[in-house]
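Here the structure comes first, spelled out in structure tokens, and everything after it is commentary.
Number of protein chains: 2
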Amino acid sequence: MAQVEYTSVILRFGELGIKSSQTRRRMTNLLIRHIESALRENNVSYEKVHSVYGRIYIETDKAMEAAQVAAKVFGIVSTSPVVETSAEMDAILNVGEQLARAHFKKGLTFAAGARRIGEHTFSSQDVRGSLGERILEGIPELELKVDLSNPEQSIYAEVRDEKAHLFTQTIKGVGGMPTGSQGKVVCTISTGLDSPIAAYKVMKRGCIPVFLHLDNTPYADEHCSEIAVKQANLLAKYIHGFEVKLYIIPHAPDIEEAQKHAPEKMTCLFCKRNMLRIAREIAIMEDADAIVTGEIIGEQASQTIANLRVIEQAVTDFPILRPLAGEDKVDIEHLAQEIGTYEFAKEGASCCTLNPKYPSVRADPEQVASFEEPMDLGILKEELKNARIMILRKGK
Amino acid sequence: MAQVEYTSVILRFGELGIKSSQTRRRMTNLLIRHIESALRENNVSYEKVHSVYGRIYIETDKAMEAAQVAAKVFGIVSTSPVVETSAEMDAILNVGEQLARAHFKKGLTFAAGARRIGEHTFSSQDVRGSLGERILEGIPELELKVDLSNPEQSIYAEVRDEKAHLFTQTIKGVGGMPTGSQGKVVCTISTGLDSPIAAYKVMKRGCIPVFLHLDNTPYADEHCSEIAVKQANLLAKYIHGFEVKLYIIPHAPDIEEAQKHAPEKMTCLFCKRNMLRIAREIAIMEDADAIVTGEIIGEQASQTIANLRVIEQAVTDFPILRPLAGEDKVDIEHLAQEIGTYEFAKEGASCCTLNPKYPSVRADPEQVASFEEPMDLGILKEELKNARIMILRKGK
Chain A
1 MAQVEYTSVI LRFGELGIKS SQTRRRMTNL LIRHIESALR ENNVSYEKVH
51 SVYGRIYIET DKAMEAAQVA AKVFGIVSTS PVVETSAEMD AILNVGEQLA
101 RAHFKKGLTF AAGARRIGEH TFSSQDVRGS LGERILEGIP ELELKVDLSN
151 PEQSIYAEVR DEKAHLFTQT IKGVGGMPTG SQGKVVCTIS TGLDSPIAAY
201 KVMKRGCIPV FLHLDNTPYA DEHCSEIAVK QANLLAKYIH GFEVKLYIIP
251 HAPDIEEAQK HAPEKMTCLF CKRNMLRIAR EIAIMEDADA IVTGEIIGEQ
301 ASQTIANLRV IEQAVTDFPI LRPLAGEDKV DIEHLAQEIG TYEFAKEGAS
351 CCTLNPKYPS VRADPEQVAS FEEPMDLGIL KEELKNARIM ILRKGK
Chain B
1 MAQVEYTSVI LRFGELGIKS SQTRRRMTNL LIRHIESALR ENNVSYEKVH
51 SVYGRIYIET DKAMEAAQVA AKVFGIVSTS PVVETSAEMD AILNVGEQLA
101 RAHFKKGLTF AAGARRIGEH TFSSQDVRGS LGERILEGIP ELELKVDLSN
151 PEQSIYAEVR DEKAHLFTQT IKGVGGMPTG SQGKVVCTIS TGLDSPIAAY
201 KVMKRGCIPV FLHLDNTPYA DEHCSEIAVK QANLLAKYIH GFEVKLYIIP
251 HAPDIEEAQK HAPEKMTCLF CKRNMLRIAR EIAIMEDADA IVTGEIIGEQ
301 ASQTIANLRV IEQAVTDFPI LRPLAGEDKV DIEHLAQEIG TYEFAKEGAS
351 CCTLNPKYPS VRADPEQVAS FEEPMDLGIL KEELKNARIM ILRKGK
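Here it is, written out as structure tokens:
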């Protein structure tokens with residue numbers, strides 16, 4: 001019996017399935033474009049990416065690589081390299097036996113699953129039963145046992161009209177919604193662990209990021225901006241078909257101005273208020289709808305909810321999205337390890353030398369306003385003029 | 001050899017460990033009070049809850065129940081029922097053998113672990129080695145094998161000064177920070193899946209919730225408010241030592257006012273703007289620092305980031321926390337199943353009959369303002385006067 005070869009990839013998308021048919025069509029088309037672009041970038045050759053009945057298929061003789069690349073496209077819940085054959089019982093059983101022979105491990109339990117759409121002379125139950133039998137009888141040397149409730153390995157057949165697709169492997173996708181199903185958001189990116197994960201989470205929900213890094217030199221090592229560039233670059237790789245920019249803005253002048261007029265314990269508050277103001281200017285220039293930060297309630301003194309209130313009042317016409325507000329640090333660390341930003345954060349452990357030893361944990365809004373009154377916030381416009389703008393991804 | 005009995009519980013807290021010693025002390029004291037209150041409420045008798053070297057211990061002869069109750073107190077990362085003995089090698093090995101005899105399963109692999117603080121005649125490595133040997137030799141009938149890298153079951157000894165604690169089980173805790181380490185937040189609670197999970201996440205980070213439910217009758221079944229009360233009641237059980245209130249506010253009059261002056265496709269926008277305005281009034285009355293919603297980017301038409309911007313502009317002096325902004329629905333469903341709110345959400349599938357068929361997905365802020373201009377927002381004050389206020393938990 002010849003070695004079995006994958007012929008294509010099945011891609012599954014989750015939440016998209018519950019949208020209206022018009023939204024679903026628009027989003028499916030976005031997804032197909034992003035997948036094609038991801039395959040091209042990764043030099044994975046393919047014949048066609050197309051959708052049928054709530055599934056997307058990639059026709060390719062590099063199915064395993066394509067399945068892995070597509071699993072990292074936002075909107076994809078899972079992928080499977082598959083063997084396509086005709087929707088006839090004989091063909092299905094032959095391919096099923098070949099796949100089990102190639103991928104099943106000796107002595108373990110297995111289950112066969114099947115789904116069927118269209119007119120056929122057999123039911124999906126028939127496919128399940130016959131496929132299980134054929135594998136048991138056709139490959140006795142593997143000493144397999146059937147376990148339907150908790151199998152150690154599985155084989156599935158999806159029969160649709162004239163075609164059947166069989167697979168034994170499912171690769172978990174990144175999930176979320178297709179990039180571009182939402183508009184732009186300004187994502188603040190520091191050298192730490194949290195901000196890139198916050199950006200990742202809103203990107204996953206379909207937003208197009210405009211990255212903003214505030215350069216604290218001389219109160220930070222020059223190395224720090226490089227770490228932020230690495231973080232933004234890694235995240236930008238998840239975006240297909242849209243331009244991604246990174247703004248690096250010198251931040252020291254406005255912090256120095258704050259230090260002239262306010263007590264040291266409030267430095268972080270004014271730093272963050274100014275960060276939001278700069279983010280707002282960029283949001284206006286870039287036509288973005290929101291500002292994203294990596295703040296976690298209670299993680300640092302400046303991140304008490306009382307302080308978040310004082311910080312947020314600096315910008316009143318854009319929502320500040322804090323997707324990590326309710327997360328525990330340990331969960332963020334796991335996600336950073338998955339995504340690959342964990343290493344960068346370790347490098348940039350301390351990129352601000354101005355952290356006060358006893359920071360204010362419950363600043364008063366009125367007091368903050370009165371300290372801020374004599375500050376020259378025109379400095380922020382100057383800082384914006386000195387922006388370094390990097391294009392991390394080209395658009396279509 | 002006598003049956004081994006647990007004598008106490010070890011509780012571990014994660015992020016607290018990295019705080020300053022002053023903060024850590026304050027938070028540890030909060031935690032101890034909450035644990036005592038949780039034990040009393042669940043009728044689990046105990047002798048003492050106290051802290052030693054970054055651990056909290058419960059002295060109790062109901063160790064297994066106490067370990068389970070304490071695992072649900074915010075700030076606790078894990079708990080283990082333990083056997084306390086003296087810090088002598090003989091005593092440790094005797095207890096270790098008894099514990100393994102009582103809890104280890106036949107034929108599986110195991111590992112022994114040990115930590116040690118204080119002055120002893122042996123190292124932690126000695127404890128690990130001797131404990132493993134003693135279990136292998138003392139209980140040959142269990143046919144155990146040692147596997148240090150990936151054991152199927154484990155035993156640990158923690159030796160501190162004159163005492164040693166041994167355990168074989170670790171119960172995962174809810175994590176987060178102790179309730180009251182942050183101030184109050186107003187948590188909007190609907191009948192759906194998302195808002196209670198958003199509330200849970202900020203509560204987990206130490207915030208004290210003030211729940212707010214908007215009663216949509218006659219555009220919702222009367223049953224709907226009951227579901228919201230159930231959701232809030234379940235969440236309130238996680239709070240110890242602080243009063244928890246639920247405000248139920250009639251919402252129909254302001255929606256009707258919006259419908260008079262704005263096109264149907266914008267109904268959800270005005271509904272949510274008014275929700276935030278009502279939440280703001282309650283935040284002021286209750287001295288809360290933020291408003292929490294269950295919004296997820298792109299989950300519904302009213303939840304595009306463009307619309308979130310329009311909604312948020314209704315309140316400019318309080319932060320709107322959306323801890324689920326970057327989550328996928330499937331992850332929220334899992335958490336709702338864990339916490340127990342999933343069942344309620346199923347009951348309250350449709351608690352608003354005014355959802356427009358073609359809602360606005362990208363409302364213009366200026367247009368929204370001009371539609372809103374003739375609306376009588378004094379209605380909101382009237383609605384607040386008709387609030388039903390329930391005390392779900394009494395304070396200290």
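Chains as they are written, first to last, in my numbering: chain A, 1 to 396; chain B, 1 to 396.
Even glycine gets a Cβ: it sits at the ideal position worked out from N, Cα and C.
C-beta contact flag for residue i and residue j at 8 Å
i	j	result
B:S123	A:G298	no
A:S78	A:T170	yes
B:G113	B:S80	no
A:G326	B:P178	no
B:I56	B:L99	no
A:A481	A:G173	Residue 481 of chain A lies beyond the range of chain A shown here (1 to 396); nothing can be said about it.
A:I92	A:T85	yes
B:I189	B:I208	no
B:L269	B:V292	no
B:L212	B:A314	no
A:E35	A:V44	With the sequence shown as reference, residue 35 of chain A is identified as Ile, and Glu is not the correct amino acid for it. Going by C-beta atoms, A:I35 is not nearer than 8 Å to A:V44.
A:R205	A:G183	no
A:A67	A:V9	yes
B:I249	B:T341	no
B:L131	B:G96	yes
A:Y156	A:M64	no
A:A290	B:L308	yes
A:R388	A:A236	no
Counted within 10 angstroms of its Cβ, other Cβ atoms place residue i as buried (16 or more) or exposed
i	result
B:M1	With a pLDDT of only 45 at B:M1, under the threshold of 50, the placement of this residue in the model should not be trusted, and no figure is reported.
A:V146	exposed
A:E373	exposed
A:H165	buried
B:D254	buried
B:V397	The question about residue 397 of chain B has no answer, for chain B in this structure spans 1 to 396.
A:T191	buried
B:Y247	buried
B:L193	buried
B:R115	exposed
A:K106	exposed
A:S149	exposed
A:I117	exposed
B:S20	exposed
A:H334	exposed
B:E383	buried
A:I391	exposed
A:Y46	buried
Heavy atom of the ligand ZN within 7 Å of residue i beta-carbon
i	result
A:I284	The ligand ZN is not part of this structure, which contains no ligands at all.
Task: Residues in the stretch 109 to 130 of chain A having any Cβ partner in chain B nearer than 9 Å - done: none
Open item on the list: Tell me whether the stretch 280 to 290 of chain A and the stretch 18 to 30 of chain B touch, counting them as touching only if at least three CB pairs, one residue from each stretch, are closer than 8 Å.
Closed with: no
Open item on the list: Using a Cβ-Cβ cutoff of 8 Å, what residues of the stretch 249 to 273 of chain A are near chain B? List them in chain order.
Closed with: none
Open item on the list: Taking beta-carbon pairs under 9 Å, can you tell me which members of the stretch 317 to 328 of chain A lie near chain B?
Closed with: D317, F318, P319, I320, L321, R322, P323, L324, A325, G326, E327, D328
Open item on the list: For a minimum of 4 consecutive residues, which ranges assigned as the alpha helix (DSSP H) are wholly contained in the stretch 234 to 296 of chain A?
Closed with: 252 to 261, 267 to 286
Task: Residues from the stretch 291 to 306 of chain A in contact with chain B, defined by Cβ distance under 9 Å - done: V292, I296, I297, G298, E299, A301, T304, I305, A306
- [ ] Taking a Cβ distance cut-off of 8 Å, strictly less, list which residues of the stretch 222 to 249 of chain B are near chain A, in chain order.
- [x] none
Task: Whole runs of the alpha helix (DSSP H) within the stretch 291 to 364 of chain B, excluding any shorter than 4 residues - done: 305 to 312, 329 to 339, 342 to 347
Task: contact_flag[the stretch 218 to 237 of chain A, the stretch 359 to 378 of chain A] where n(CB pairs < 8 Å) is 3 or more - done: no
TODO: With 7 Å as the limit, tell me which residues of the stretch 161 to 190 of chain A have their beta carbon closer than that to any beta carbon of chain B; keep them in chain order.
DONE: G175, G176, M177, S181, Q182, G183, V185
Task: Complete runs of the alpha helix (DSSP H) confined to the stretch 175 to 218 of chain B [at least 4 residues] - done: 194 to 204
- [ ] Within the stretch 102 to 144 of chain A, note down every full alpha helix (DSSP H) run reaching 4 residues or more, in order along the chain.
- [x] 124 to 138
Open item on the list: Please identify, using Cβ separations under 7 Å, the residues of the stretch 56 to 89 of chain B that lie next to chain A, in order along the chain.
Closed with: none
Open item on the list: Measuring CB atoms only, is the stretch 355 to 362 of chain B touching the stretch 303 to 314 of chain B, in the sense that at least three cross pairs come out at less than 8 Å?
Closed with: yes
TODO: Check distances from the C-beta atoms of the stretch 201 to 221 of chain A to those of chain B and list, in chain order, the residues that come in under 9 Å.
DONE: K201, V202, M203, K204, R205, G206, C207
Task: Runs of beta strand (DSSP E) lying entirely within the stretch 27 to 68 of chain B, each at least 3 residues, in chain order - done: 48 to 52, 55 to 59
TODO: With 8 Å as the C-beta to C-beta threshold (strictly closer), list the residues of the stretch 23 to 39 of chain A near chain B in chain order.
DONE: none
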